[in-house]
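Participant:
Number of protein chains: 2
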Amino acid sequence: MADGDTPVTMSDVARLAGVSTATVSRVVNGRYGVSASTIAQVRSAIERLGYESSLVATSLRRSRTNVLGLVTHSFQSYTAEVLKGVMEALSQSGFDLIIYANSDLYGTYSEGWEQRHLTRLSGTLTDGCIVVTPWGEVRSSTPVVVIDPVRDSTVPSVTADNLTGATQVVEHLLGLGHRRVGFIAGRSSLAAAWSREEGYRRALAEAGVPADPTLVGRGDFNPESAIPLARALLERPDRPTAIFAASDGMALKVLEVAKELGLDVPGDLSVVGFDNIPESALAEPALTTVDQSMYRLGYEAAHMLKSLVTGEWEGPRQILLPTRLVVRGSTAPPKITAPSKTATRV
Amino acid sequence: MADGDTPVTMSDVARLAGVSTATVSRVVNGRYGVSASTIAQVRSAIERLGYESSLVATSLRRSRTNVLGLVTHSFQSYTAEVLKGVMEALSQSGFDLIIYANSDLYGTYSEGWEQRHLTRLSGTLTDGCIVVTPWGEVRSSTPVVVIDPVRDSTVPSVTADNLTGATQVVEHLLGLGHRRVGFIAGRSSLAAAWSREEGYRRALAEAGVPADPTLVGRGDFNPESAIPLARALLERPDRPTAIFAASDGMALKVLEVAKELGLDVPGDLSVVGFDNIPESALAEPALTTVDQSMYRLGYEAAHMLKSLVTGEWEGPRQILLPTRLVVRGSTAPPKITAPSKTATRV
DNA sequence: CTGAAAGCGCTTACAG
DNA sequence: CTGAAAGCGCTTACAG
Chain A
52 MADGDTPVTM
62 SDVARLAGVS
72 TATVSRVVNG
82 RYGVSASTIA
92 QVRSAIERLG
102 YESSLVATSL
112 RRSRTNVLGL
122 VTHSFQSYTA
132 EVLKGVMEAL
142 SQSGFDLIIY
152 ANSDLYGTYS
162 EGWEQRHLTR
172 LSGTLTDGCI
182 VVTPWGEVRS
192 STPVVVIDPV
202 RDSTVPSVTA
212 DNLTGATQVV
222 EHLLGLGHRR
232 VGFIAGRSSL
242 AAAWSREEGY
252 RRALAEAGVP
262 ADPTLVGRGD
272 FNPESAIPLA
282 RALLERPDRP
292 TAIFAASDGM
302 ALKVLEVAKE
312 LGLDVPGDLS
322 VVGFDNIPES
332 ALAEPALTTV
342 DQSMYRLGYE
352 AAHMLKSLVT
362 GEWEGPRQIL
372 LPTRLVVRGS
382 TAPPKITAPS
392 KTATRV
Chain B
52 MADGDTPVTM
62 SDVARLAGVS
72 TATVSRVVNG
82 RYGVSASTIA
92 QVRSAIERLG
102 YESSLVATSL
112 RRSRTNVLGL
122 VTHSFQSYTA
132 EVLKGVMEAL
142 SQSGFDLIIY
152 ANSDLYGTYS
162 EGWEQRHLTR
172 LSGTLTDGCI
182 VVTPWGEVRS
192 STPVVVIDPV
202 RDSTVPSVTA
212 DNLTGATQVV
222 EHLLGLGHRR
232 VGFIAGRSSL
242 AAAWSREEGY
252 RRALAEAGVP
262 ADPTLVGRGD
272 FNPESAIPLA
282 RALLERPDRP
292 TAIFAASDGM
302 ALKVLEVAKE
312 LGLDVPGDLS
322 VVGFDNIPES
332 ALAEPALTTV
342 DQSMYRLGYE
352 AAHMLKSLVT
362 GEWEGPRQIL
372 LPTRLVVRGS
382 TAPPKITAPS
392 KTATRV
């Protein structure tokens with residue numbers, strides 16, 4: 052039963068069964084050309100010792116491991132949803148999943164992290180990897196699919212249609228009568244952040260509302276980064292009547308700042324986020340946002356990676372997934388039509 | 052830059068730097084006894100080739116890997132919370148984390164899965180493992196900490212104080228005036244399921260309310276399993292005025308069945324769950340439940356595992372974490388005091 | 001049908 | 001200060 056100290060190896064099995072490790076290997080892997088009686092002996096030895104082959108040794112020797120990797124730098128609600136989608140896509144596929152997370156996560160050197168771990172895994176352990184929201188472009192000797200790539204990435208990827216989503220947010224606000232709409236941007240290297248900002252600009256331009264660059268704050272998707280930006284926007288005399296934050300995490304902070312400043316949402320200020328994380332529905336008031344099915348992002352990425360590994364992929368290598376505007380309690384028509392004369396000249 | 056097909060190995064670096072792989076290894080691992088000029092040469096070769104050592108090869112050769120493993124059979128909200136706690140505990144610890152999930156997750160052979168993968172990882176890849184909600188007792192050649200062990204498990208573990216939590220639920224219901232309280236149990240092999248049921252029994256006994264075995268349904272923590280059980284309980288003429296389900300997932304299904312049968316919650320029926328998953332707060336009405344900080348379960352398990360691996364653990368090997376009753380809209384006094392004459396004889 | 005041998009990419013005594 | 005060699009636990013041609 053060997054609950055002892057040293058793990059049971061193939062040699063232990065071979066010794067007990069009175070055969071070579073080559074033969075044990077053949078039995079373990081169901082190869083042809085082993086006599087029935089030998090198989091029985093080996094099987095019983097395996098059973099007695101509770102042997103399982105070492106994943107590491109097997110991976111090192113074989114070219115194909117049937118293990119796919121996923122590299123992420125955090126475990127937020129976002130990641131959990133992505134993982135559910137990934138697991139669903141991999142269910143019954145014959146591929147197992149290894150998720151690699153490093154302990155310096157909240158520490159200093161996030162930068163380049165994905166690339167380092169991608170490389171450490173992909174040569175040997177995994178047949179391919181999914182990388183979630185990397186800080187830079189990634190490369191690998193085995194197939195990779197990126198969820199939320201950096202701008203101008205050429206690697207296979209899956210992204211939500213952030214441009215359309217953001218456009219709809221602004222159209223929604225304009226439709227309610229808002230004219231001064233603030234924006235809090237995300238980490239600008241990410242394609243997602245760029246598209247959301249671009250959607251904001253385009254929708255305003257299309258409606259003929261002149262863009263006011265001072266209404267745009269530069270956040271980085273970290274919720275905390277939104278606090279000073281929201282404060283700056285809301286403390287000005289000509290404050291916006293609505294703020295669109297590039298992520299729910301940041302939008303939730305805008306809500307807090309508004310409360311702190313005694314502003315009523317949605318009476319004095321409309322707030323919109325992006326992502327539709329579970330917390331958004333729980334906020335007071337519930338947050339209007341854009342749903343970007345993180346589950347589907349994970350599902351499609353895993354599906355694509357699987358086919359890339361087996362060489363069966365036929366579709367496009369850059370997938371854009373639809374988003375959906377979710378209107379909740381945090382948006383309403385502005386109380387006053389023209390908080391600033393100059394801003395309403397359309 | 053080698054974005055090509057074959058990964059860059061240590062031999063490639065050695066060749067380019069004009070040294071042996073032994074020397075490259077020394078540089079990579081910062082060992083003493085390499086001349087400054089050689090270090091520089093090797094470093095530059097590493098840089099040029101974008102070399103990263105193979106996790107697999109390194110693990111196979113070394114006894115200590117500084118990688119901890121986590122084996123789970125699902126990625127529900129539960130797991131995501133646990134992971135956050137684990138990552139927090141491991142932050143800056145020098146240990147990385149590998150999560151192993153197999154693709155037959157929703158498939159046939161869940162049973163014994165944890166043990167198989169635990170063994171495949173622990174000999175070589177990981178220095179120790181956390182196993183989440185296993186189906187049986189586990190054993191390993193390296194340290195293991197189980198979150199939510201099976202009953203009578205002797206392995207180091209972390210569990211919520213389910214007994215107290217469940218007791219408080221029933222006391223809460225009795226306090227509201229309920230006397231016929233139904234119970235939907237979880238997978239009975241799990242210690243958590245057993246304790247929750249035991250808490251239910253004890254609280255009734257202590258209050259002198261005779262236990263009615265026909266009021267107990269045998270679920271298995273799978274939400275679906277609660278549906279027929281809830282229906283059976285609620286369709287009887289002497290139906291309970293309250294149902295306590297051993298998990299939020301099952302309690303949410305009870306809510307659905309009640310709605311389907313035209314019963315008002317909490318008017319006609321009070322419902323209580325256990326776990327406090329995010330969805331509980333979103334339910335209509337919001338679910339009264341027991342919070343068992345899954346974040347802390349993960350945190351404590353990782354903390355303990357880390358110390359077990361380094362040999363510094365001093366504390367108890369079986370940890371019990373406090374729970375907290377969260378009263379929300381799904382519980383209220385029963386409308387009718389005595390739906391069944393015999394049941395109220397106290 | 002079976003085994004001896006080489007080798008996957010590393011690390012670590014052991015010589016020098 | 002550096003390299004040749006052995007070996008971690010497996011798999012896979014190659015002989016027989």
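Chains as they are written, first to last, in the working numbering: chain A, 52 to 397; chain B, 52 to 397. Cβ coordinates follow ideal geometry from the N, Cα and C atoms, glycine included. This one's a predicted model, so the numbers in the text were calculated from it and none came from an experiment.
#1: When DSSP labels each residue in this structure, what does V377/A get in the three-state scheme?
#2: For L119/A, which of helix, strand or coil comes out of DSSP?
#3: State buried or exposed for Q143/B, treating a residue as buried only when at least 16 other CB atoms are found within 10 Å of its CB.
#4: I'd like to know if N153/B contacts chain A, where contact means its C-beta is closer than 7 Å to some C-beta of that chain.
#5: Would you decide whether V378/B is buried or exposed? Buried here means 16 or more other CB atoms lie within 10 Å of its CB.
#6: Determine, for Y157/B, whether the minimum Cβ-Cβ distance to residues of chain A falls below 7 Å.
#7: Is it true that the CB of P58/B sits closer than 7 Å to the CB of S105/A?
#8: When you compare the CB of V107/A with every CB in chain B, is at least one pair closer than 7 Å?
#9: Who are the neighbours of D63/B on chain A, taking C-beta pairs under 9 Å?
#10: Mind pulling the chain A residues with CB within less than 7 Å of G174/B?
#11: Near R92/A, what residues of its chain come up, given a Cβ to Cβ distance below 8 Å and the 5 sequence neighbours on each side ignored?
#12: Measure the C-alpha to C-alpha separation of R269/A and E188/B and round it to an integer number of angstroms.
#13: Only counting the same chain, and skipping five residues up and downstream in sequence, which positions put a Cβ closer than 7 Å to that of A277/B?
#14: If we cut at 7 Å on Cβ distances, does V377/A have a partner in chain B?
#15: Could you say which of A140/B, V137/B, H124/B lies nearest to K135/A if we only look at CA atoms?
#16: Taking the C-alpha atoms as reference points, what is the distance between R238/B and A211/B?
#17: Quick check: what's the CA-CA separation for V323/B versus P336/B?
#18: Between which residues of its own chain and G233/B is the CB-CB distance below 6 Å, once the five residues before and five after are set aside?
#19: Please determine, among E222/B, G228/B, G179/B, H223/B, the residue with the shortest C-alpha to C-alpha distance to V206/B.
#20: How is G233/A classed by DSSP in three states: helix, strand or coil?
#21: Within the chosen definition, does the region 164-174 of chain A reach the region 218-234 of chain A through at least 3 CB pairs nearer than 8 Å?
#22: Apply the 10 Å Cβ neighbour rule to K310/B and answer buried if 16 or more other Cβ atoms are within range, or exposed otherwise.
#23: Between the alpha carbons of T340/A and D299/A, how many angstroms are there, rounded?
#24: In terms of residues, what are the limits of the alpha helix (DSSP H) holding G179/A?
#25: Just how far apart, CA to CA, sit L119/A and I149/B?
#26: Among V122/A, A352/A, Q343/A, D319/A, which has the Cα closest to the Cα of A383/A?
#27: Go ahead and label K357/A buried or exposed: buried means 16 or more other beta carbons lie within 10 angstroms of its beta carbon, across all protein chains shown.
#28: Is the shortest distance between the beta-carbon of R167/A and the beta-carbons of chain B less than 7 Å?
#29: Curious, which full-length beta strand (DSSP E) runs of at least 3 residues does the region 67-153 of chain B contain?
#30: With a cut-off of 7 Å, does the C-beta of L303/A fall near any C-beta of chain B?
#31: My output table needs one value for D326/B: the three-state DSSP class, helix, strand or coil.
#32: From the DSSP output, in three-state form, read off L314/A for me.
#33: Counting only beta-carbon separations shorter than 7 Å, does Y160/A have a partner in chain B?
#34: From this set, Y83/B, S88/B, R99/B, which residue's C-alpha is nearest M61/B's C-alpha?
#35: Does the CB of M138/B have a neighbour CB from chain A at under 7 Å?
#36: Which residue from L372/B, G380/B, K386/B, P385/B puts its Cα closest to that of D199/B?
Facilitator: Answer, in terms of the structure:
#1: As a first step, residue 377/A must be located in the first sequence, where it is residue number 326. In this structure, V377/A counts as strand in the three-state DSSP scheme.
#2: Sequence index remark: in the first sequence, residue 119/A carries index 68 (1-based). Strand, per DSSP.
#3: Position 92 of the second sequence, counted from the first residue, corresponds to residue 143/B. With fewer than 16 Cβ atoms within 10 Å of its Cβ, Q143/B is classed as exposed.
#4: Along the second sequence, read from residue 1 onward, the residue named residue 153/B stands at position 102. True, the Cβ-Cβ gap to chain A drops below 7 Å.
#5: Residue numbering aside, residue 378/B sits at position 327 when the second sequence is read from its first letter. Looking at its Cβ environment, which holds fewer than 16 other Cβ atoms inside 10 Å, V378/B is exposed.
#6: Working through the second sequence from its first residue, we reach residue 157/B at position 106. Summary for Y157/B: the model assigns pLDDT 44, below 50, so the residue's position carries little reliability; its value from the coordinates is reported in the next sentence. With its beta carbon less than 7 Å from one in chain A, Y157/B belongs to the interface.
#7: Walking along the first sequence from the start, residue 105/A turns up at place 54. Walking along the second sequence from the start, residue 58/B turns up at place 7. Cβ atoms of S105/A and P58/B: not closer than 7 Å.
#8: Counted from its first residue, the first sequence places residue 107/A at position 56. Judged by the 7 Å Cβ criterion, V107/A is in contact with chain B.
#9: Here residue 63/B refers to the residue found at position 12 when the second sequence is read from its first residue. The contacting residues do not exist; D63/B stays about 11 Å from chain A at best.
#10: Your numbering for residue 174/B matches position 123 in the second sequence. Correct list: P58, S105.
#11: Position 41 of the first sequence holds residue 92/A. Reading the sequence as shown, one finds Gln at residue 92/A and not Arg. So the qualifying residues of the chain are A68, G69, V70.
#12: Within the first sequence, numbered from 1, the residue matching residue 269/A stands at position 218. Within the second sequence, numbered from 1, the residue matching residue 188/B stands at position 137. Roughly 52 Å between the two C-alpha positions.
#13: What you label residue 277/B is simply residue 226 of the second sequence in a count that begins at 1. Answer for A277/B: I235, G270, A296, M301, K304, V305, listed in chain order.
#14: Taking the first sequence and counting its residues from 1, the one referred to as residue 377/A is at position 326. The Cβ of V377/A sits no closer than 7 Å to any Cβ of chain B.
#15: Indexing the first sequence from 1 puts residue 135/A at position 84. Comparing alpha carbon positions, the residue from A140/B, V137/B, H124/B closest to K135/A is H124/B.
#16: Translated into the one-based positions of the second sequence, residue 238/B becomes position 187. Translated into the one-based positions of the second sequence, residue 211/B becomes position 160. R238/B and A211/B: Cα-Cα distance of roughly 16 Å.
#17: Numbered from 1 along the second sequence, position 272 holds the residue referred to as residue 323/B. Numbered from 1 along the second sequence, position 285 holds the residue referred to as residue 336/B. Put simply, the backbone Cα of V323/B is about 11 Å away from that of P336/B.
#18: What you label residue 233/B is simply residue 182 of the second sequence in a count that begins at 1. Cβ neighbours of G233/B within its own chain (closer than 6 Å, five residues either side excluded): L266, L284, P291, I294.
#19: Stepping through the second sequence from its first residue, residue 206/B is reached at position 155. Of the candidates E222/B, G228/B, G179/B, H223/B, the one whose C-alpha sits nearest the C-alpha of V206/B is G179/B.
#20: Position 182 of the first sequence, counted from the first residue, corresponds to residue 233/A. Strand.
#21: no
#22: The residue labelled residue 310/B in the question sits at position 259 within the second sequence. Burial call: exposed.
#23: Residue 340/A sits at position 289 when you count from the first residue of the first sequence. Residue 299/A sits at position 248 when you count from the first residue of the first sequence. When rounded, the distance between both Cα atoms is 7 Å.
#24: In the first sequence, residue 179/A corresponds to position 128, counting from 1. Element bounds for G179/A: not the alpha helix (DSSP H) but the beta strand (DSSP E), 179-183.
#25: As a first step, residue 119/A is located in the first sequence; it is residue number 68 there, counting from the start. As a first step, residue 149/B is located in the second sequence; it is residue number 98 there, counting from the start. Rounded to the nearest angstrom, the two C-alpha atoms are 12 Å apart.
#26: Translated into the one-based positions of the first sequence, residue 383/A becomes position 332. A383/A has its Cα closest to that of D319/A, out of V122/A, A352/A, Q343/A, D319/A.
#27: Position 306 of the first sequence, counting from 1, holds the residue named residue 357/A. Buried, by the Cβ-count rule.
#28: The residue you call residue 167/A lines up with position 116 of the first sequence. Cβ-Cβ to chain B under 7 Å: yes for R167/A.
#29: 118-122, 147-152
#30: Residue numbering aside, residue 303/A sits at position 252 when the first sequence is read from its first letter. No, no contact with chain B.
#31: Sequence index remark: in the second sequence, residue 326/B carries index 275 (1-based). Strand, per DSSP.
#32: What you label residue 314/A is simply residue 263 of the first sequence in a count that begins at 1. Residue state for L314/A is assigned as coil, using DSSP reduced to three classes.
#33: Here the question's residue 160/A lines up with position 109 in the first sequence. Residue confidence is low: Y160/A scores 49 on pLDDT, short of 50, so the model does not pin down where it sits. No coordinate-derived value is stated.
#34: As a first step, residue 61/B must be located in the second sequence, where it is residue number 10. The residue with the shortest Cα to Cα distance from M61/B is R99/B.
#35: Here residue 138/B corresponds to residue number 87 of the second sequence, with the count starting at 1. Judged by the 7 Å Cβ criterion, M138/B is in contact with chain A.
#36: Residue 199/B sits at position 148 when you count from the first residue of the second sequence. When each option's Cα is compared against that of D199/B, the closest is L372/B.
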